[in-house]
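Order-wise, the sequence lines are chains A and B.
Its first residue numbered 632, the first sequence is counted upward by one per residue in the working numbering.
Its first residue numbered 269, the second sequence is counted upward by one per residue in the working numbering.
Just so you know, even glycine gets a beta-carbon here, dropped at the ideal spot from N, CA and C.
From a predicted model like this one, the values you see are computed outputs, not experimental measurements.
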Amino acid sequence: MTTPLKRMALYAALAAGAFVSVFPYLLVVLTALKTRRQLSTTEPWLPGLPPTTANLAEILGGDFPRFLANTVVMTVLLTLGQLVFTTFAAYAFARLRFRGRDVLFWLYVATMMVPSAVTVIPLFLIMRELEAVNTWYGLLAPYILGTPYGIFLMRQFFKSLPGGLEEAARIDGAGPLTVLFRILLPLCRPAIGTLAIITVISSWNSFLWPLIITSGDETKVVTVAISALKVGIGVDRGLMMAGGLIALAPMVAIFIFFQKYIVRSVVLTGLK
Amino acid sequence: MLTPRIRWAASLAGAAVLTLTACGSGGSDSASGGKVTLTYRLWDEQQKAGYEKVMAAFEKANPSIDVKIELLPYDQYWTKLTADAVAGTAPDVFWMTPTQFPEYVTKGVLSPVQVDTAKYHKTVAEAFAYQGKQYGMPKDWGIVGLLYNKDLFKKAGVEMPDTLTWKPDGSGTFLETARKLTADEAGKHPGDPGFDPAKVKTYGFLSWNHYQTQWMNWVSSNGGKLLDQPFGKYTFNDDAGVQALQFGVDLVNKHHVSPPATRTNPPTGKATDMFKAGEVAMFPANNALLPFVVPDAAFEVGVVPMPEGPAGRAVNLNGLAEAVYAKSKHPEQAQKLAAYLGTEEPQKLMADEGYAFPALNGLAQGYVDHWAKTAKLDVSAFVKEAEGTTFPLPVTTGFTGFETKLNQIFNEMYLGRLTPKQAADQAVTEGNATVR
Numbered sequence: 632m633t634t635p636l637k638r639m640a641l642y643a644a645l646a647a648g649a650f651v652s653v654f655p656y657l658l659v660v661l662t663a664l665k666t667r668r669q670l671s672t673t674e675p676w677l678p679g680l681p682p683t684t685a686n687l688a689e690i691l692g693g694d695f696p697r698f699l700a701n702t703v704v705m706t707v708l709l710t711l712g713q714l715v716f717t718t719f720a721a722y723a724f725a726r727l728r729f730r731g732r733d734v735l736f737w738l739y740v741a742t743m744m745v746p747s748a749v750t751v752i753p754l755f756l757i758m759r760e761l762e763a764v765n766t767w768y769g770l771l772a773p774y775i776l777g778t779p780y781g782i783f784l785m786r787q788f789f790k791s792l793p794g795g796l797e798e799a800a801r802i803d804g805a806g807p808l809t810v811l812f813r814i815l816l817p818l819c820r821p822a823i824g825t826l827a828i829i830t831v832i833s834s835w836n837s838f839l840w841p842l843i844i845t846s847g848d849e850t851k852v853v854t855v856a857i858s859a860l861k862v863g864i865g866v867d868r869g870l871m872m873a874g875g876l877i878a879l880a881p882m883v884a885i886f887i888f889f890q891k892y893i894v895r896s897v898v899l900t901g902l903k
Numbered sequence: 269m270l271t272p273r274i275r276w277a278a279s280l281a282g283a284a285v286l287t288l289t290a291c292g293s294g295g296s297d298s299a300s301g302g303k304v305t306l307t308y309r310l311w312d313e314q315q316k317a318g319y320e321k322v323m324a325a326f327e328k329a330n331p332s333i334d335v336k337i338e339l340l341p342y343d344q345y346w347t348k349l350t351a352d353a354v355a356g357t358a359p360d361v362f363w364m365t366p367t368q369f370p371e372y373v374t375k376g377v378l379s380p381v382q383v384d385t386a387k388y389h390k391t392v393a394e395a396f397a398y399q400g401k402q403y404g405m406p407k408d409w410g411i412v413g414l415l416y417n418k419d420l421f422k423k424a425g426v427e428m429p430d431t432l433t434w435k436p437d438g439s440g441t442f443l444e445t446a447r448k449l450t451a452d453e454a455g456k457h458p459g460d461p462g463f464d465p466a467k468v469k470t471y472g473f474l475s476w477n478h479y480q481t482q483w484m485n486w487v488s489s490n491g492g493k494l495l496d497q498p499f500g501k502y503t504f505n506d507d508a509g510v511q512a513l514q515f516g517v518d519l520v521n522k523h524h525v526s527p528p529a530t531r532t533n534p535p536t537g538k539a540t541d542m543f544k545a546g547e548v549a550m551f552p553a554n555n556a557l558l559p560f561v562v563p564d565a566a567f568e569v570g571v572v573p574m575p576e577g578p579a580g581r582a583v584n585l586n587g588l589a590e591a592v593y594a595k596s597k598h599p600e601q602a603q604k605l606a607a608y609l610g611t612e613e614p615q616k617l618m619a620d621e622g623y624a625f626p627a628l629n630g631l632a633q634g635y636v637d638h639w640a641k642t643a644k645l646d647v648s649a650f651v652k653e654a655e656g657t658t659f660p661l662p663v664t665t666g667f668t669g670f671e672t673k674l675n676q677i678f679n680e681m682y683l684g685r686l687t688p689k690q691a692a693d694q695a696v697t698e699g700n701a702t703v704r
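As structure tokens, this is what we get:
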């Protein structure tokens, strides 16, 4: 039974939640469009009038577009790698029969328990031995072969498909690869879409690994470039927020257009 | 027994590793065709533009050397430098601060540099000396001066005295001026009957827990010493030190000329923002902060020397150095670059474009002229201070680790929860435990 009062309380709680979630983004937009003088004379949550695009122009006039391009390249490569390798691995774990399959799978999935910050130093040392520090290879290698999360997601989806489809194809003489490409993948489109979006977002936002492994401009990504705007003693917040706004825009667009896939990934795996 | 499928996977993995190795070895350090590439690392986005010009001039004079500039975020600069030093991949030449210097020099990361110390500011050169050798080419310095809001002075009808003086007992022109500039909503000043310290509209001064621009200056100008000697132990808990700390805290909690510590304590405090918003009349700051204050302020900024204490004026002068990596693959070229960065041509360029005061003597006017020209701001007070007594931040091992703890203890002191004596004793004990 919903009484009007209950409904009102519900909306009030939701509105408060929405405000808390949206407020940081609002601050980014407002700050990016203020001059430095406006920033120190207006309240943070009020717009500076008239708004200025000087911050955006300044940051786009420097090396920032190049770092943006680096981020795009990194995101595309990581997403492609994730899709290809994860699909194969998940198919193997879900459908092929070999000794130690489940042990291997759970061992692999268990690595999700290890926070990524813990593996950064060993990974760095491995990359150093491979002389891949400060190269594109070092930047991409640890993540391009798929992540346990992706494999888990895809495997769960493969498992949910009826085995009869595959058996029918087998009887018609299809091998594992034909089954995968002709039968299973077309059915997996929603899961692949979800995985692609999740990977795009996490690659776009990744900060710690790019920061540690690269230091030159050739491989610098936007997240690291934005944090470099903070020098030892002070920070030009307008400029930093302009950078943040530019980096944020594609992600917000993706979220708005592909919302349902993102929600589905949570439903599928119970993970966020 | 391996199944064919696993064998196939293993060979694929092997191939991947080989590919990575092959591609990695074409890295930046290799010399191709007799040309050497040096890596130069800094953290300042703005200064990078200046150094691009400097490096172009260096490369022109040394056609066999290429310099690659790496810009790192300051917050991660030291983490990364430590990781690189451990892995052996540190840059050939990089920026070094006096407080980080002891950690790196005692671990053998830095290479000695030939420096004619007489040509550079004494406080900078001395900060990078260890066991009789120089471990960094003096680059530049920043000094603490007193920024003030000219509009607030005009509005209050107060003239800035020729010299500001302070004493632990509260006498002197400094506190008097700060009192006149502090006003509550009814326009009353501290000391007036009915003054309400809870409803202050503008504060005369900003006293807060910031060691570089605040209490270390009080301690030194009261005749106290931060350390007994470079690479030594902390001594700021003696009488002179405690009196000076008491003065800093009194400005907040007793004289009410400065905002409460709840609003200014680091790391969340907003001291600089309060000055920028025109809430505070006088604000000690390093000249390196000028680019982050002057364009932001909706009022006219002025700069005067810091107040003189019982022992005269003594202000913090923070110098940077160009350090050379001890395990550089091209030591000869790295030394050449460091030597060049200490010469007049690059130091003058960085000064004239207003990036920093150069460490090389006799070039400071370029920086002063730059600010006069671009912002109509007279910054000659900084130069005057630098000619007097100056002191570096504590040059001793462990300071960088101790810093957080020190700030925590002194936060409590500024809040009035610890007396300056208790806080200083506690801090000195904690600090000396980190000195090796």
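Between Ser-300/B and chain A, is any beta-carbon pair separated by less than 8 Å?
Summary for Ser-300/B: the model assigns pLDDT 49, below 50, so the residue's position carries little reliability; its value from the coordinates is reported in the next sentence. At a cut-off of 8 Å between beta carbons, Ser-300/B makes no contact with chain A.
- Just the chain B side, please: which residues come within less than 8 Å of Ile-843/A by C-beta, in chain order? Per Cβ cutoff of 8 Å: Lys-348, Ala-351.
key: Alpha-carbon spacing of Arg-759/A relative to Gly-580/B, whole angstroms   = Cα to Cα, the separation comes out at about 53 Å.
Next on the checklist: Going by DSSP, what residue range makes up the alpha helix (DSSP H) through Val-715/A?
Outcome noted: Residues 695-726.
Check your understanding: At a CB-CB cut-off below 8 Å, which residues of chain A make contact with Leu-557/B?
Key -> Below the 8 Å Cβ cutoff, chain A contributes Ile-864, Gly-865 as neighbours of Leu-557/B, in chain order.
Counting only Cβ pairs nearer than 7 Å, list the residues of chain A close to Thr-357/B.
Under a criterion of Cβ atoms nearer than 7 Å, the residues of chain A adjacent to Thr-357/B are, in order, Arg-759, Val-764.
Closer than 7 Å, Cβ to Cβ, to anything on chain B: give me those residues from the stretch 822-838 of chain A, in chain order.
Taken residue by residue, none of the stretch 822-838 of chain A has a beta-carbon sitting less than 7 Å from a beta-carbon on chain B.
- Pick helix, strand or coil for Gly-580/B, following the three-state DSSP scheme. DSSP, reduced to helix, strand and coil, places Gly-580/B within a strand of the structure shown.
- From the DSSP output, which residues share a beta bridge with Pro-626/B? Asp-408/B, per the DSSP bridge assignment.
Supposed contact pair Pro-498/B and Asn-586/B - C-beta distance, whole angstroms, cut 8 Å: That pair is no contact at about 15 Å.
**Report entry** Other residues of its chain near Phe-724/A: CB distance less than 6 Å, five sequence neighbours each side excluded
**Finding:** Around Phe-724/A, the same chain offers Phe-736, Arg-786 as residues with beta carbons nearer than 6 Å, after the five sequence neighbours per side are excluded.
If we ignore side chains and look at the alpha-carbon of each, how far apart do Glu-547/B and Gln-344/B end up? Their backbone Cα atoms lie some 32 Å apart in a straight line.
query = Under a Cβ-count criterion, where at least 16 other Cβ atoms within 10 Å of its own Cβ denotes burial, should Ala-290/B be classed as buried or exposed?
reply = Unreliable positioning characterises Ala-290/B in this predicted model, as indicated by a pLDDT of 38, which lies under 50. The coordinate reading is nonetheless provided below. The residue in question, Ala-290/B, is exposed, as its Cβ has fewer than 16 Cβ neighbours within 10 Å.
**Asked** Does the distance from the CB of Val-852/A to the CB of Phe-650/A come in under 8 Å?
**Response** Using a Cβ distance threshold of 8 Å, Val-852/A and Phe-650/A do not count as a contacting pair.
To the nearest angstrom, how far is the alpha carbon of Leu-708/A from that of Phe-889/A? The alpha-carbon of Leu-708/A is positioned some 20 Å away from that of Phe-889/A.
Would you tell me roughly how many angstroms separate the C-alpha atoms of Phe-755/A and Thr-350/B, rounded to the nearest one?
In a straight line, the C-alpha of Phe-755/A is about 13 Å away from that of Thr-350/B.
**Message:** Quick check on the DSSP output: what are the complete alpha helix (DSSP H) runs of length 4 or more inside the stretch 799-849 of chain A, in order along the chain?
**Reply:** Runs of the alpha helix (DSSP H) inside the stretch 799-849 of chain A: 820-836, 839-844.
- Entirely enclosed beta strand (DSSP E) segments - the stretch 353-431 of chain B, minimum 3 residues: Secondary structure within the stretch 353-431 of chain B: the beta strand (DSSP E) runs of 3 or more consecutive residues, fully enclosed, are 361-364, 405-417 (chain order).
Simplified DSSP state of Glu-674/A, which is helix, strand or coil: In the structure shown, Glu-674/A sits in coil (DSSP, three-state: anything other than H, G, I, E or B).
Quick check on this structure: which residue in Met-484/B, Tyr-502/B, Leu-605/B, Asp-460/B has the alpha carbon closest to the alpha carbon of Arg-243/B?
In the structure as shown, chain B starts at 269 and stops at 704, and residue 243/B therefore has no counterpart that could be examined.
Taking the DSSP output, what are the residues bridged to Met-550/B? BP columns for Met-550/B point to Tyr-416/B, Phe-473/B.
Would you verify that the beta carbon of Ala-324/B is, or is not, closer than 8 Å to some beta carbon of chain A? Chain A, which has no Cβ nearer than 8 Å to the Cβ of Ala-324/B, makes this no.
Boundaries (first-last residue) of the alpha helix (DSSP H) holding Thr-702/B:
Its alpha helix (DSSP H) spans residues 688-702.
Distance, Cα to Cα, Pro-710/B vs Gly-666/B? An answer regarding residue 710/B cannot be provided, because it is not within the stretch 269 to 704 covered by chain B.
Examine chain B for any beta-carbon lying closer than 8 Å to the beta-carbon of Ala-873/A, and answer yes or no.
-> With its beta carbon at least 8 Å from every one in chain B, Ala-873/A lies outside the interface.
Q: Throw me the rounded Cβ distance for the Val-412/B and Asn-584/B pair, which I believe falls under 8 Å.
A: Under the criterion of beta carbons closer than 8 Å, Val-412/B and Asn-584/B qualify as touching, at roughly 5 Å.
**Q.** Segment contact flag, the stretch 371-378 of chain B with the stretch 591-605 of chain B, C-beta cutoff 8 Å, min 3 pairs
**A.** Yes, they touch.
In the stretch 537-557 of chain B, which residues sit with their C-beta less than 8 Å from some C-beta in chain A, listed in chain order? Close to chain A, meaning a Cβ-Cβ distance shorter than 8 Å, are the following residues of the stretch 537-557 of chain B: Thr-540, Asp-541, Lys-544, Ala-545, Gly-546, Asn-554, Ala-556, Leu-557.
Any Cβ of chain A within less than 8 Å of the Cβ of Glu-327/B? The beta-carbon of Glu-327/B is placed no less than 8 Å from the nearest beta-carbon of chain A.
Worksheet item: Name the residues in the stretch 667-701 of chain A whose C-beta lies less than 7 Å from a C-beta of chain B; which are they?
Response: Those would be Arg-667, Arg-668, Leu-670, Ser-671, Thr-672, in chain order.
Residues near Gly-472/B in its chain [Cβ-Cβ closer than 8 Å; skip 5 each side]
Cβ contact annotation for Gly-472/B (same chain, cutoff 8 Å, sequence separation greater than five): Thr-445, Ala-446, Arg-447, Lys-448, Leu-449, Thr-450, Val-525, Ser-526, Val-548, Ala-549, Met-550, in chain order.
Cβ-Cβ distance between Leu-670/A and Thr-683/A below 8 Å
Their beta carbons are not under 8 Å apart, which means Leu-670/A does not touch Thr-683/A by this criterion.
Item to complete: Report the partner residues of Ala-589/B according to the DSSP bridge assignment.
Response: Answer is Met-364/B, Pro-406/B.
task: Measure the C-alpha to C-alpha separation of Gly-863/A and Trp-311/B and round it to an integer number of angstroms.
output: The C-alpha of Trp-311/B is placed about 7 Å away from the C-alpha of Gly-863/A.
Practice task
Can you tell me the Cβ-Cβ gap for Pro-303/B and Asp-334/B, rounded? I've got them flagged as a contact below 8 Å.
Solution key: Reading the sequence as shown, one finds Lys at residue 303/B and not Pro. About 6 Å separates the CB atoms of Lys-303/B and Asp-334/B; that is less than 8 Å, so the two are in contact.
* To do: Determine which residues share a DSSP beta bridge with Glu-741/B and list them.
  => Nothing can be reported for residue 741/B, as the shown portion of chain B is limited to 269 through 704.
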